[in-house]
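To keep things clear, I will list the structure first and then write my remarks on it.
Residue numbers (this note's numbering): 154 to 422.
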């Protein structure tokens, strides 16, 4: 063998059973590009081979670690970029995991054009009472730039979670908020007036910080919830409405009083 075509094995490498292996005290792995087929004595000149660069070894180690730590679906998500400008391509959570029901209006929001220069868009934001306007009275506001973002059964913490997506991002001039009755009914667990008030105040502050005028609606009268009988919510609703009215005045919001005009002698409908 010509000396020009041969090299001595580098430090920490040796031939074991006809294969080139690293002799690191903690690691013992095979050279990926080693092609020895015969036995060689330590120190013997060997056929010239390509030694992997540190960059190659590091890359192999990174791939090995990734395969060890992440399952195949996770790797697929990491490797596949998602265009955030196309909401319809975003992962769609199922109902069990989408606690705030963010997917309900995601596609509709993406299809909604920005408001025109002099357009005063209004977003109606609430629960089933708000949602049902579009269903049962579709011709109530013909030709008006009104957007319905009500979701049946929702509580104020759920509404707060989706407030930026379903209100702020739509760039309305005004938002009309009707919320709180489902909290009193305990739709998403026990709550008290302080919790409801904090969530309504947070939505109001977010809206004002984004230049959106706020209309705070009173909670409609309820004598008893059909799906949660025995809670006696009437006086709790009266107390919440008193706070909403007071807070609206302090926050510079408009107070829209449904309750006084709709309550019967039992403080129900």
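Note that beta-carbon positions come from the ideal geometry of N, C-alpha and C, so glycine has one too.
Beta strand (DSSP E) segment containing residue i, residue limits
{"i": "residue 340", "result": "Taken as a continuous stretch (DSSP letters only), residue 340 belongs to no beta strand (DSSP E), as it is neither H nor E."}
{"i": "residue 366", "result": "366-370"}
{"i": "residue 408", "result": "407-409"}
Short Cβ contact (8 Å threshold) for residue i with residue j
{"i": "residue 320", "j": "residue 360", "result": "yes"}
{"i": "residue 369", "j": "residue 327", "result": "no"}
{"i": "residue 335", "j": "residue 357", "result": "no"}
{"i": "residue 338", "j": "residue 378", "result": "yes"}
{"i": "residue 375", "j": "residue 390", "result": "yes"}
{"i": "residue 268", "j": "residue 298", "result": "yes"}
{"i": "residue 318", "j": "residue 262", "result": "yes"}
{"i": "residue 409", "j": "residue 352", "result": "no"}
Exposure label - residue i; buried when at least 16 CB within 10 Å
{"i": "residue 274", "result": "buried"}
{"i": "residue 277", "result": "buried"}
{"i": "residue 372", "result": "buried"}
{"i": "residue 399", "result": "exposed"}
{"i": "residue 237", "result": "In this predicted model, residue 237 has a pLDDT of only 36, less than 50, meaning its place in the structure is not dependable; the value taken from the coordinates is given anyway. Burial call: exposed."}
{"i": "residue 280", "result": "buried"}
{"i": "residue 325", "result": "buried"}
{"i": "residue 406", "result": "buried"}
{"i": "residue 290", "result": "exposed"}
{"i": "residue 392", "result": "exposed"}
{"i": "residue 316", "result": "buried"}
{"i": "residue 332", "result": "buried"}
{"i": "residue 362", "result": "exposed"}
Enclosing alpha helix (DSSP H) for residue i [first to last residue]
{"i": "residue 330", "result": "Segment 327-330 is the beta strand (DSSP E) holding residue 330; no alpha helix (DSSP H) there."}
{"i": "residue 311", "result": "309-314"}
{"i": "residue 400", "result": "387-404"}
{"i": "residue 259", "result": "259-264"}
{"i": "residue 351", "result": "346-362"}
{"i": "residue 415", "result": "412-415"}
For residue j and residue i, believed in contact at Cβ under 8 Å, the rounded distance
{"i": "residue 258", "j": "residue 311", "result": "Not really, about 13 Å apart at Cβ, beyond 8 Å."}
{"i": "residue 271", "j": "residue 284", "result": "Rounded, the Cβ-Cβ distance is 28 Å, inconsistent with contact."}
{"i": "residue 394", "j": "residue 412", "result": "5 Å"}
{"i": "residue 387", "j": "residue 421", "result": "7 Å"}
Opposing strand residues paired with residue i [DSSP bridges]
{"i": "residue 301", "result": "277"}
{"i": "residue 381", "result": "378"}
Interface flag, residue i vs chain C, CB-CB below 8 Å
{"i": "residue 344", "result": "Note that chain C does not occur in the displayed structure, where there is just one protein chain."}
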